[in-house]
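Please read the structure below before turning to the comments.
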Amino acid sequence: MDYINLALKAIFVENILLAFFLGMCSYLSQSKKVESATGLGFAVVFVLTLSCPMNWAIKEFLLNKGALASWTKIAALQSVDLSFLSFICYIAVIAALVQLVEMVIDRFFPALYTTLGIFLPLITVNCSILGASLFMHERSYDLTHTIVFGFSSGLGWFLAIVALAAIRKKIRYSNIPEGMRGLGMAFTVTGLMAIGFLGFSGIDLDKEPAPKAAPVAEIEADVVAEAVDLEEDA
Amino acid sequence: MKFMLDMHDKVRHHFEKGGKFEKFWPLFDAQDTFMFTPATTTSSGPHVRDALDLKRVMITVVFALFPAILFGIWNAGHQHNLATDGAAQGIMPDILMGLRYVVPVIIVSYAVGGIWEVLFCIVRKHEINEGFLVTGMLFPLTLPPTIPLWQVAVGISFGVVIGKEIFGGTGMNVLNPALTARAFIFFAYPSQMSGDAVWVAMSGDAVQGFSGATALAIAAIAEPGVPLTNALTDAGLTFKNMFLGTIPGSIGETSTLACLIGAAILILTRIGSWQIMAGMVIGTLATAGLAGAMGTSVFAQLPPQYHLVMGGFAFGCVFMATDPVSSAATGIGKWIYGVLIGMLVVIIRLANPAYPEGVMLSILFMNVMAPMIDHYVLQAHIRKRKARYA
Numbered sequence: 001m002d003y004i005n006l007a008l009k010a011i012f013v014e015n016i017l018l019a020f021f022l023g024m025c026s027y028l029s030q031s032k033k034v035e036s037a038t039g040l041g042f043a044v045v046f047v048l049t050l051s052c053p054m055n056w057a058i059k060e061f062l063l064n065k066g067a068l069a070s071w072t073k074i075a076a077l078q079s080v081d082l083s084f085l086s087f088i089c090y091i092a093v094i095a096a097l098v099q100l101v102e103m104v105i106d107r108f109f110p111a112l113y114t115t116l117g118i119f120l121p122l123i124t125v126n127c128s129i130l131g132a133s134l135f136m137h138e139r140s141y142d143l144t145h146t147i148v149f150g151f152s153s154g155l156g157w158f159l160a161i162v163a164l165a166a167i168r169k170k171i172r173y174s175n176i177p178e179g180m181r182g183l184g185m186a187f188t189v190t191g192l193m194a195i196g197f198l199g200f201s202g203i204d205l206d207k208e209p210a211p212k213a214a215p216v217a218e219i220e221a222d223v224v225a226e227a228v229d230l231e232e233d234a
Numbered sequence: 001m002k003f004m005l006d007m008h009d010k011v012r013h014h015f016e017k018g019g020k021f022e023k024f025w026p027l028f029d030a031q032d033t034f035m036f037t038p039a040t041t042t043s044s045g046p047h048v049r050d051a052l053d054l055k056r057v058m059i060t061v062v063f064a065l066f067p068a069i070l071f072g073i074w075n076a077g078h079q080h081n082l083a084t085d086g087a088a089q090g091i092m093p094d095i096l097m098g099l100r101y102v103v104p105v106i107i108v109s110y111a112v113g114g115i116w117e118v119l120f121c122i123v124r125k126h127e128i129n130e131g132f133l134v135t136g137m138l139f140p141l142t143l144p145p146t147i148p149l150w151q152v153a154v155g156i157s158f159g160v161v162i163g164k165e166i167f168g169g170t171g172m173n174v175l176n177p178a179l180t181a182r183a184f185i186f187f188a189y190p191s192q193m194s195g196d197a198v199w200v201a202m203s204g205d206a207v208q209g210f211s212g213a214t215a216l217a218i219a220a221i222a223e224p225g226v227p228l229t230n231a232l233t234d235a236g237l238t239f240k241n242m243f244l245g246t247i248p249g250s251i252g253e254t255s256t257l258a259c260l261i262g263a264a265i266l267i268l269t270r271i272g273s274w275q276i277m278a279g280m281v282i283g284t285l286a287t288a289g290l291a292g293a294m295g296t297s298v299f300a301q302l303p304p305q306y307h308l309v310m311g312g313f314a315f316g317c318v319f320m321a322t323d324p325v326s327s328a329a330t331g332i333g334k335w336i337y338g339v340l341i342g343m344l345v346v347i348i349r350l351a352n353p354a355y356p357e358g359v360m361l362s363i364l365f366m367n368v369m370a371p372m373i374d375h376y377v378l379q380a381h382i383r384k385r386k387a388r389y390a
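As given, the protein sequences belong to chains A and B, one line each in that order. For the first sequence, counting from 1, position 191 maps to 191 in the numbering used here; every step adds exactly one. For the second sequence, counting from 1, position 140 maps to 140 in the numbering used here; every step adds exactly one.
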């Protein structure tokens with residue numbers, strides 16, 4: 001029951017995209033077609049499901065204070081605390097994983113590979129992936145919780161991007177005011193979708209304390225930086 | 001009427017292309033087609049001969065809303081008189097008092113929303129139609145009679161502009177505009193709109209109008225041990241009262257009976273989808289039954305049929321969920337859409353302490369998901385046909 005609660009929470013209550021607004025860039029750019037949205041959604045689910053537990057293992061066995069000593073049995077390592085390396089390590093793991101996913105998709109789904117284009121390698125810097133790892137870190141999940149959390153965060157992201165893609169398909173021929181077409185409309189629809197998801201906010205499934213404010217603020221800074229990048233690209 | 005028609009025909013050329021008031025053609029057109037059958041005919045094919053067009057669809061929904069409106073007016077006054085004098089005062093004083101509270105809300109909703117609608121129609125050159133009459137009426141009916149009028153104005157502005165007009169106007173929106181408006185003020189002014197306190201129209205200060213808890217709030221905080229039906233009856237909320245709607249609450253939402261009359265009109269004229277309504281009822285009953293069998297809380301033990309008369313269920317089910325624009329459009333999709341709304345209603349009511357009222361939010365959520373449902377239903381259909389003719 002605990003795991004189901006955690007999953008439901010990650011998918012609906014604290015949807016990583018619509019509640020935390022993580023992973024916006026690929027979400028906005030790859031939601032023009034339902035097919036590519038589905039493909040990218042699967043890729044994100046896959047990467048999240050693998051990257052979260054791997055980062056968990058790195059945190060538990062390498063980075064935490066005394067983690068090295070716990071399995072090497074070297075007393076001198078007892079005081080070593082490498083947790084300041086966590087960001088770099090998490091990113092490195094994610095980057096390596098994305099390479100793997102890229103090769104797999106290139107080999108088995110070439111059409112999808114072409115559609116996703118640059119956004120597949122860009123999953124590396126998709127904030128929802130790193131965000132999930134940091135939430136895992138922040139909330140001190142154990143291994144099973146981490147796997148469930150990673151998978152269902154991905155599922156929440158998948159749900160959001162496919163829903164947006166379907167909505168964009170529906171409004172493709174709508175007579176939208178000129179200034180609102182394209183990204184403007186996508187942003188507005190995302191906001192309205194977030195209102196739709198707000199109905200679940202406040203559901204207290206596992207009585208877990210809310211995440212502390214600091215890392216979220218950092219992540220938000222990332223989002224802003226990324227948005228600026230996106231603008232510069234455009 | 002002949003006089004009006006003559007006058008229209010006389011000034012028509014001013015509004016037509018090249019005329020003095022060419023810019024205001026949408027206004028003239030709206031006035032003209034609201035009152036008379038337009039003389040224009042379609043010049044090229046394809047033709048569909050049908051008495052039912054968008055305008056008639058929308059006006060039928062407004063007619064279907066009338067029982068809820070009239071009952072809401074009476075009930076607002078009835079509850080006011082009960083709360084201030086402690087005794088019922090008879091039907092006429094009740095109605096007069098109700099008019100005092102309900103009419104300003106409706107007028108503000110129509111006036112402010114109407115201004116936006118007209119503004120967009122003139123600037124963007126599309127026609128004004130009765131669709132707005134539905135939105136502008138649905139929205140006030142979901143509000144408490146004591147709501148400050150500026151909130152009505154803010155809500156309907158958001159609903160009409162962000163919920164509908166920026167999508168390109170009637171028929172293009174993704175979310176139901178009335179629901180968008182309602183959800184917006186619900187989240188923007190939670191202290192006044194939280195939905196767990198009763199809205200009784202008291203004289204004088206409008207905001208301080210409530211004096212008790214709604215059925216849903218009683219259910220959410222019910223003490224274990226005592227069956228919830230008893231607690232509700234103690235508060236004067238029997239099944240019969242909640243079905244008839246003689247309880248405090250939002251203007252148009254209290255009476256299940258009035259909504260059922262509206263449902264009959266919508267289903268008979270085939271404007272509202274009976275699949276969605278049926279799906280929603282089935283989903284609610286099944287989930288509530290399941291929760292009763294498995295759940296331990298007092299609220300979960302509530303007999304399933306109570307969920308159908310509590311809060312805004314009937315109103316949402318009949319008028320909000322069946323909105324043909326924002327609901328699922330495919331046959332199977334409608335069933336999925338309805339059943340999922342029903343399930344979500346019970347889940348939000350039982351599990352979410354923050355929002356005792358789940359109907360509005362679950363419909364809004366499924367509005368978001370409806371295009372996705374349609375997409376997958378269509379894909380499945382295409383695959384099936386491909387397999388059949390392969």
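By construction, the Cβ of each residue, glycine as well, lies at the ideal position given by its N, Cα and C atoms. Fair warning: this is a prediction, and the values are worked out from it, not measured in the lab.
- Counting C-beta pairs closer than 8 Å gives three or more between the region 123 to 140 of chain B and the region 154 to 167 of chain B, which meets the contact rule.
- A/H137 sits buried, since 16 or more C-beta atoms from the chains shown fall within 10 Å of its C-beta.
- Restricting attention to B/H375, B/L54, B/Y389 and B/S255, the CA atom closest to the CA of B/A328 is found in B/H375.
- As for any alpha helix (DSSP H) of minimum length 4 sitting wholly inside the region 222 to 278 of chain B, the runs are 228 to 234, 239 to 244 and 256 to 268, ordered along the chain.
- Taking 9 Å as the cut-off, the beta carbon of A/I94 is found no closer than this to the beta carbon of A/I58.
- About 14 Å separates the beta carbon of B/I373 from that of B/S362, a gap too long to meet the 8 Å contact definition.
- Minimum Cα-Cα distance from A/S86 among the listed residues A/T38, A/N64 and A/M180 corresponds to A/N64.
- Chain order gives no chain A residues near B/N129, where near means a beta carbon separation below 7 Å; the closest approach is about 14 Å.
- A/V162 has a beta carbon lying within less than 9 Å of a beta carbon in chain B.
- Interface with chain B (9 Å Cβ-Cβ cutoff): A/L6 is excluded.
- For A/K73, the secondary structure class from DSSP, reduced to helix, strand or coil, is coil.
- Secondary structure remark: continuous alpha helix (DSSP H) runs of at least 4 residues inside the region 76 to 156 of chain B, in chain order: 91 to 124 and 131 to 141.
- Taking a Cβ-Cβ cut-off of 8 Å, the neighbours of B/M172 in chain A comprise I171, S174, N175 and I176, given in sequence order.
- Short of 8 Å from the beta carbon of A/A19, and not among the five residues preceding or following it, lie these beta carbons of its own chain, in chain order: V13, A194, F197 and S201.
- Inter-residue distance for B/S297 and B/Y306 is about 16 Å (C-alpha atoms, whole angstroms).
- The alpha carbon of B/G249 has as its nearest neighbour, out of B/M277, B/T180, B/T37 and B/G311, the alpha carbon of B/G311.
- With contacts defined by Cβ atoms closer than 9 Å, B/F315 and B/V359 form a contacting pair.
- Not a single CB atom of chain B sits nearer than 9 Å to the CB of A/A76.
- Counting along the chain, the unbroken alpha helix (DSSP H) around A/T38 starts and ends at V34 to I58.
- Buried is the label assigned to B/H78, since at least 16 other Cβ atoms lie within 10 Å of its Cβ.
- DSSP, read as helix, strand or coil, puts B/R49 in coil.
- Within 10 angstroms of the beta-carbon of A/S133 lie 16 or more other beta-carbons, which makes it buried.
- Listed in chain order, the non-local C-beta contacts of A/E60 below 7 Å within the same chain comprise A67, local neighbours out to five positions each way being set aside.
- For chain B, the residues of the region 183 to 195 of chain A that bring a beta carbon within less than 7 Å of one of its beta carbons are T188, V189, L192, M193 and I195, in chain order.
- By the 16-neighbour rule on beta-carbons within 10 angstroms, A/A186 is buried.
- The straight-line gap separating the alpha-carbon atoms of A/A96 and B/Y337 is approximately 40 Å.
- If you draw a 10 Å sphere on the C-beta of A/L192, you find 16 or more other C-beta atoms in it, and that means buried.
- For the 9 Å CB-CB criterion, A/L48 and A/S153 form a contact.
- For A/A166, the nearest CB of chain B lies under 9 Å from its own CB, placing it at the interface with that chain.
- The CB of B/N176 never comes closer than 9 Å to any CB in chain A; the least such distance is about 11 Å.
- In this structure, the straight-line span from the alpha carbon of A/T146 to that of A/R139 is close to 10 Å.
- By the Cβ criterion, the region 251 to 262 of chain B is in contact with the region 141 to 159 of chain B, since at least three pairs of Cβ atoms, one from each stretch, lie closer than 8 Å.
- The C-beta distance from A/R168 to A/K9 rounds to 27 Å, too long to meet the 8 Å contact threshold.
- Residues are counted here when their Cβ sits less than 7 Å from a Cβ of chain B; for the region 108 to 121 of chain A the count is zero.
- The C-beta separation of A/F119 from A/S51 comes to about 17 Å, leaving the pair out of contact by the 8 Å criterion.
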